[in-house]
Every structure is written in C-alpha cells, then in structure tokens.
Amino acid sequence: MRPTISHTELFSYLVTRHTGRAVRTNIEEQLATVDRAALAVLDLRNVPLIDFSCADEVVAKLVVFTSGAGPHPRFVLFRGVAEHHLEPIESALVRQGLAAACESDEGEPLLMGTLEPDAEHAWLEIWALGHAVPETLVERLDLSREIVYAVLAELESRALVIRDGEDYVSLGRALLDAAEGGPDRRGA
Amino acid sequence: MSRVVQVPSTLDETAFETLVRAARASVDDSSRLLLDARSVSWVSPYGLLGLLAIGHDARRRTGLAPLIEPPQADDVRSYIDRMHFWQAAAEIFDLDATPPKRHGESDALLEVTTIRSHEDVHRVVEGVREKAQKILHNRLGYPMPAVIHFSVMLSEVCQNILEHADSIGWVCAQRYHWRRRLGREVVVLAVMDVGVGFEGSLATEHERRYGGSWSASAALEAAFLRGESRFSDPGRGQGLQAIRKQVIRWDGAVRIRSGDAMIAHVPEWDDAESLKSGLPDFPGAQVLIVLPQVQQEETS
C-alpha cells in the first residue's frame with residue numbers, strides 16, 4: 141500500500157488557536173480529496189515558534205483525525221521538529237494520551253507523546269529497518285510473538301505505521317518510496 | 121457631573137486594589153469618572169494597564185468616556201509616553217490633548233498594546249523577539265531558548281483574552297531593578313482584560329459540579345492549578361498550565377486576579393499570598409508575571 145503524500149511546508153510563527161485551526165483545516169481538506177490511503181507530511185523546519193494552543197490544534201487534532209475511522213487510512217508525519225518545538229508538541233499529545241510520528245530537524249526518528257515502551261521500541265525498529273514483518277521484530281526485540289502482535293496492532297490502530305499485508309512499513313519509508321516511485325506528491 | 125478619584129502616588133498591583141475600590145464605589149449611572157493621576161510618582165506595567173481597565177469599566181458602566189489628569193512628574197510623563205500609553209487610552213478616555221506621537225524604539229520590552237484579535241497576538245509575539253533577547257538573555261542571564269519560551273508564554277497569556285474574556289485587553293512588559301524587594305533586575309509582564317472573568321468563563325462547564333461553592337476563587341483554582349477550561353475539548357486549558365510551569369522554572373512569580381479573588385504562584389523570594397478572596401469585585405482577569413534575573417549559581 142503506497143499512500144498518496146500530501147506535503148505541507150510551514151514558514152511562519154505557529155501561534156494562536158485561530159492559526160492552528162486554519163493550518164489543520166487546510167490539511168484535512170487536502171486529505172479529504174484523496175480517495176485512497178494518504179500520508180500528510182508537515183515540515184516544521186522553518187517554524188520559529190509553536191505555542192501550546194497551536195500545537196494542540198495542529199499536532200494533537202491531526203493525530204486524532206488520522207487515527208479515527210474513515211473510508212481510507214490516513215497517516216501524519218511531522219518533520220523538522222526542533223528542540224524548541226518539543227515541549228508544546230509533547231504537552232499537547234500527552235494531555236490526551238496521543239502519540240505522533242515525528243522526525244527531528246537532524247533526521248532522527250522521534251516518537252512523541254504517550255506510548256508503551258514495547259510499542260515505542262517496535263516503532264523505532266520499524267523506522268530503522270524501513271519495514272518489518274512480525275517475526276523480524278520477535279527476533280530483534282526479544283519479545284514474545286503475542287506481545288509483538290499486540291504492539292503492532294496498537295501501532296496500526298494509532299496510524300503510526302502502515303500495514304501492507306504481513307509487512308509493517310514506517311511512515312519515513314513510505315515517504316521515501318513515494319519520492320522514488322514518482323511524483324505522487326501534492327503541494328500545499 | 122464628574123466624580124474625582126485620586127490615583128495613588130505609587131501605582132502598582134497593590135494600589136490597583138485601592139483604585140478599583142474607589143472607582144467602582146464612585147461611579148453611578150450619571151457620573152463621569154475622573155482619574156486624578158497628577159501626584160503619581162511611580163507606575164508599574166500593572167498599574168498602567170490598571171488605568172485602562174478601570175477607565176474601560178467605568179465607560180461601560182456609565183456610557184460616558186472617563187477623564188484622566190496625567191501625572192505631573194516629568195519622568196513619569198516621559199515613561200508613560202514611551203510606553204505608548206496614550207494611544208490605548210485615547211480609545212477609552214476623553215483626552216484633552218491629542219496623544220503624543222509614538223517615540224521611536226523605547227527601552228520597554230513591550231509597549232502598551234491593545235489585544236483585540238489574533239492578528240494582534242501574532243504582531244506582539246513576532247515583534248518581541250529581538251528585545252526579549254536583549255533583555256532576557258543579554259541582561260538578565262536567561263539561556264537563549266528562554267527567548268522562545270517567553271514568546272510562547274506571551275502568546276498564551278494574550279490568547280486568554282481572546283479565548284475566554286470575550287473582550288479587548290492590553291499587554292505590556294518592562295525591565296526594572298528591584299533593589300529593595302529582591303536586589304536583582306526583573307522583567308514585569310502585565311496582561312489585563314475587562315471581560316467575563318474566570319468565574320463567568322468556566323461557569324457553564326463547571327459551576328454545577330461545585331454547587332453553592334462556585335466562586336471566583338474556585339474558578340481560579342480550577343484553571344490555574346488543574347488546567348480546567350470552559351471547553352469540553354480535552355486539548356484546552358494547557359496555556360495557563362504552561363505559563364505556571366515556565367514561571368516556576370525561572371523562579372518567577374505569577375499572579376492572576378479575577379472577580380473578587382486572586383491566585384498566585386509565590387516564589388521563595390516573595391511573601392505574597394497564594395490565594396485571596398474578598399477583593400473589590402472587578403470584571404475580567406488581570407495577570408502579573410515577574411521574571412527575576414538569573415543568579416550566577418543558577419543553571420536554568
């Protein structure tokens with residue numbers, strides 16, 4: 141399953157709920173036009189500041205949106221997350237028990253918010269490998285098959301990985317595949 | 121007919137209470153309020169915004185634009201001019217003279233700014249960065265990321281006006297040397313509105329749970345200590361919590377007055393009360409944040 145990528149680069153101060161709501165609504169509207177699986181990629185590299193209210197509107201509410209039920213799977217990846225973005229984003233997610241797939245401004249994977257340690261380890265492993273089947277994770281994480289399946293089910297239901305048959309694909313890999321596979325990207 | 125209220129010579133958060141009591145007692149439906157500030161010899165950002173808030177309240181209650189006699193002391197007049205007070209005052213008071221033209225860049229961290237829209241919050245936050253760096257980092261010894269944290273705090277506290285007050289409000293900030301009180305420099309940030317206040321804002325969502333004990337102080341505790349909001353949305357209510365946490369990290373003080381109550385985080389260096397009720401009733405919310413200079417042994 142190769143999702144359609146909806147790419148949004150942000151270049152301004154993300155302050156006030158009003159601004160956050162406008163950004164999120166725009167992304168939700170873009171995703172609504174895609175009649176298949178879609179991955180929204182938000183690049184925060186050029187965002188000098190994000191406040192708590194805006195982090196709630198943009199990050200937490202988009203996570204809720206993508207992990208909700210719908211006719212087509214939806215995913216969201218936050219890229220370019222810098223040190224000064226961390227606290228507002230983490231606070232917005234933790235407050236609601238949410239987790240978001242992120243990548244730091246140095247390209248490191250960051251799983252932000254609330255997730256059990258086993259699920260976090262599995263997510264990081266899948267990110268490092270690009271994709272993995274359950275057996276690979278059983279071997280590499282030294283976890284029981286039962287736990288691995290439970291953890292993968294959670295990651296899938298929270299839209300933190302993409303399930304493709306028996307394979308679980310990281311959002312980073314999906315983005316790379318889309319770029320290599322052709323211009324299946326939407327400007328925003 | 122005008123009724124004259126004398127403004128205390130030292131106009132700070134304590135004097136604000138005196139002024140509220142006098143101004144509200146003296147205003148009836150037919151009298152125009154005259155704030156006599158001629159003998160003011162020192163005014164804090166909180167006191168400055170307090171004049172606007174009291175004037176706005178009087179105007180709303182009487183329908184008459186209040187009057188104000190400016191301070192006579194040259195240094196106070198000059199300070200008030202530099203803080204762009206008269207531009208905001210002209211929207212509230214019936215001023216004899218045209219407000220003085222804005223000076224160029226002042227030494228204030230943030231001049232008196234009226235907040236009436238999200239665009240105003242953006243302008244304040246985006247405009248404060250350079251001065252925040254000069255004052256917080258260069259002068260008060262805060263680490264560079266504090267400049268961003270301060271901007272976030274400013275954004276959240278200004279948004280409270282728009283999200284909860286249903287009214288306009290004002291913000292300003294200044295650096296001082298608190299020789300007697302602390303022996304260090306401080307940044308003082310004041311934010312005020314004259315809207316529905318915490319008790320009114322949170323009533324719909326929370327009043328029933330409290331039964332007969334619902335009050336301004338209960339509402340302040342709910343919002344300030346527990347992050348409760350008037351919205352059922354679980355993402356709401358973070359702003360005040362974030363402000364409180366940040367102020368604690370910086371060993372600062374934060375005080376919120378609303379209705380007839382006040383709640384505060386009081387650092388060790390201060391001897392203020394952390395919760396108070398029975399103050400003279402006043403609409404909206406009045407916020408005071410004090411950020412002290414970093415002492416050399418401090419690391420954050």
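One line per chain: the protein sequences are A and B, in this order.
Counting from 1 along the first sequence, just add 140 to a position and that's the residue number in this note's numbering.
Counting from 1 along the second sequence, just add 120 to a position and that's the residue number in this note's numbering.
Backbone N, C-alpha and C define an ideal beta-carbon position, used for all residues, glycine too.
Just so it is clear, the structure is predicted and the values come from calculations on it, not from any experiment.
Given residue i as reference, the closest of the options once Cα atoms are compared
i        : options                                   : result
B:Ile255 : B:Ile235, B:Glu137 and B:Ala228           : B:Ala228
B:Ala208 : B:Thr233, B:Leu274 and B:Val410           : B:Thr233
B:Asp281 : B:Val241, B:Arg304 and B:Trp298           : Before going on, a small fix: residue 281 of chain B reads as Ile here, not Asp. Of the candidates B:Val241, B:Arg304 and B:Trp298, the one whose C-alpha sits nearest the C-alpha of B:Ile281 is B:Val241.
B:Met203 : B:Pro165, B:Met121, B:Cys278 and B:Val314 : B:Pro165
B:Arg346 : B:Arg364, B:Trp334 and B:Ser333           : B:Arg364
B:Ser271 : B:Gln126, B:Ile376 and B:Ala293           : B:Ala293
A:Ser193 : B:Leu340, B:Val277 and B:Gln366           : B:Val277
B:Leu79  : B:Ser122, B:Met273 and B:Asp214           : Residue 79 of chain B cannot be examined here, being either before or after the span of chain B that is shown, 121 to 420.
A:Val199 : A:Thr165, A:Val174 and A:Ala268           : A:Thr165
B:Ala173 : B:Ser159, B:Asp201 and B:Glu133           : B:Glu133
Between the CA atoms of residue j and residue i - distance to the nearest angstrom
i        : j        : result
A:Ala272 : A:Ala259 : 14 Å
B:Arg356 : B:Ala323 : 15 Å
A:Glu157 : A:Glu197 : Reading off the sequence, residue 157 of chain A comes out as Arg, not Glu. Taking the straight line from one Cα to the other gives about 6 Å.
A:Ala172 : B:Arg259 : 50 Å
B:Gly247 : B:Ile268 : 12 Å
B:Ile235 : A:Val155 : 14 Å
B:Gly289 : B:Phe318 : 14 Å
A:Ser297 : B:Arg304 : 53 Å
B:Ser420 : B:Glu250 : Below a pLDDT of 50, predicted positions are generally treated as unreliable, and B:Ser420, at 48, falls in that range; no measurement from the model is reported.
B:Leu169 : B:Leu131 : 10 Å
B:Asp391 : B:Val163 : 21 Å
A:Gly270 : A:Ala262 : 12 Å
B:Gly404 : A:Arg303 : 51 Å
B:Ile212 : B:Val410 : 27 Å
B:His257 : B:Pro263 : 6 Å
Endpoints, alpha helix (DSSP H) assigned at residue i
i        : result
B:Trp290 : B:Trp290 -> not in any alpha helix (DSSP H); beta strand (DSSP E) instead, spanning Gly289 to Trp298.
A:Ala207 : For the sequence presented, residue 207 of chain A should be read as Ser rather than Ala. Start and end: Lys201 to Ser207.
A:Val288 : Arg285 to Ser297
B:Leu274 : Pro265 to Asn280
B:Phe351 : First-last for B:Phe351: undefined, no H or E at that position.
CB of residue i within 8 Å of CB of residue j, strictly
i        : j        : result
A:Gly218 : A:Leu182 : Position check: residue 218 of chain A holds Phe in this sequence, whereas Gly was assumed. Taking 8 Å as the Cβ cut-off, A:Phe218 and A:Leu182 qualify as a contacting pair.
B:Pro354 : A:Gln236 : yes
A:Leu150 : A:Ala314 : no
B:Gly379 : B:Ala343 : no
A:Val291 : A:Val301 : no
A:Leu233 : A:Ala241 : no
A:Glu227 : A:Met252 : no
B:Ile87  : B:Leu340 : Because chain B in this structure spans residues 121 to 420, residue 87 of chain B falls outside the shown range and cannot be described.
B:Gln413 : B:Val306 : yes
B:Leu230 : B:Val245 : no
B:Ser321 : B:His284 : yes
Segment limits, beta strand (DSSP E) that includes residue i
i        : result
B:Val253 : Per the sequence shown, residue 253 of chain B should be read as Gln rather than Val. Here B:Gln253 belongs to no beta strand (DSSP E), and DSSP marks it neither H nor E.
B:Glu305 : Arg304 to Asp313
B:His385 : Ala373 to His385
B:Val407 : Leu395 to Pro412
A:Pro249 : Pro249 to Gly253
(message) Whether or not the stretch 366-373 of chain B and the stretch 381-389 of chain B are in contact is what I'm after, with contact meaning three or more pairs of Cβ atoms, one per stretch, closer than 8 Å; do they touch?
(response) Segments in contact, yes.
(message) Using a Cβ distance threshold of 8 Å, determine whether the stretch 150-161 of chain B contacts the stretch 185-203 of chain B, with at least three qualifying pairs required.
(response) Inter-segment contact for the stretch 150-161 of chain B and the stretch 185-203 of chain B is present: three or more beta-carbon pairs are separated by less than 8 Å.
(message) For the pair the stretch 323-333 of chain B and the stretch 291-308 of chain B, tell me if three or more CB-CB distances fall below 8 Å.
(response) As far as the Cβ criterion goes, the stretch 323-333 of chain B does not touch the stretch 291-308 of chain B, which means the pair count is below three.
(request) Take every Cβ of the stretch 243-252 of chain A, pair it with every Cβ of the stretch 270-287 of chain A, and state whether three or more of those distances are shorter than 8 Å. (result) No, the stretch 243-252 of chain A does not touch the stretch 270-287 of chain A.
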